[in-house]
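Visitor:
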Amino acid sequence: MTLEEKILASEARVFKTVFPNNTNHYDTLFGGTALSMMDEVAFIAATRFSRLRCVTVSSDRIDFTHPIPAGTIIELVGRVETVGNTSMKVRVDIFVEKMYEEGREKAVTGIFTFVALDEQHKPTKIIV
1 MTLEEKILAS EARVFKTVFP NNTNHYDTLF GGTALSMMDE VAFIAATRFS
51 RLRCVTVSSD RIDFTHPIPA GTIIELVGRV ETVGNTSMKV RVDIFVEKMY
101 EEGREKAVTG IFTFVALDEQ HKPTKIIV
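First residue of the sequence shown? That's 1 in full-length UniProt numbering, and the numbers climb one at a time after it.
(1) Helix, strand or coil: which one does DSSP assign to P67?
(2) Can you tell me whether DSSP reads L117 as helix, strand or coil?
(3) In whole angstroms, what is the alpha-carbon distance linking T33 and E81?
(4) Go through its chain and collect everything with a Cβ distance to D60's Cβ below 8 Å, but skip five positions before and after it.
(5) Is the segment 9-24 touching the segment 73-87 in the sense that three or more CB pairs, one from each, lie closer than 8 Å?
(6) Looking at the secondary structure, which residues open and close the beta strand (DSSP E) in which G32 lies?
(7) Rounded to whole angstroms, what is the Cα-Cα separation between K98 and I62?
(8) For the putative contact between V115 and T86, defined by C-beta atoms under 8 Å, what is the C-beta separation to the nearest angstrom?
(9) Does M37 pass the burial test, meaning 16 or more other C-beta atoms within 10 Å, or should it be called exposed?
(10) Measure the C-alpha to C-alpha separation of F43 and C54 and round it to an integer number of angstroms.
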């Protein structure tokens with residue numbers, strides 16, 4: 001399997017509904033909740049790619065470009081962007097769509113860095 005094929009095969013997609021209990025006083029998704037969801041999707045993509053134990057070591061940049069209102073559907077898409085010796089960067093995009101209308105918009109983008117660990121919790125080589 002080529003690197004590109006492995007990246008495509010490990011892509012993670014999760015759909016969620018934004019309920020009022022996950023929103024702030026503006027009735028939009030809490031930023032921290034969005035980050036938690038993004039980290040989870042990034043973890044899934046990193047694990048599917050490497051098939052190793054992975055931990056988040058950083059979030060490089062998170063851009064909130066569109067509010068995510070209560071009562072919408074979101075799709076989180078995680079995809080490995082770069083692979084190093086023991087680490088990988090995973091991009092996660094959140095798309096928002098209204099329940100009863102066509103179309104969707106990208107609302108949030110972030111990059112998460114993961115390190116693969118061995119059984120002794122030490123960084124281990126990612127085999128590509």
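Heads up, the beta-carbon is just placed ideally off N, CA and C, and yes, glycines get one too. This one's a predicted model, so the numbers in the text were calculated from it and none came from an experiment.
Guide: According to the structure data:
(1) coil
(2) strand
(3) 23 Å
(4) K89, G110, I111, F112 and T113
(5) yes
(6) G32 -> not in any beta strand (DSSP E); alpha helix (DSSP H) instead, spanning G31 to S50.
(7) 23 Å
(8) 6 Å
(9) buried
(10) 7 Å
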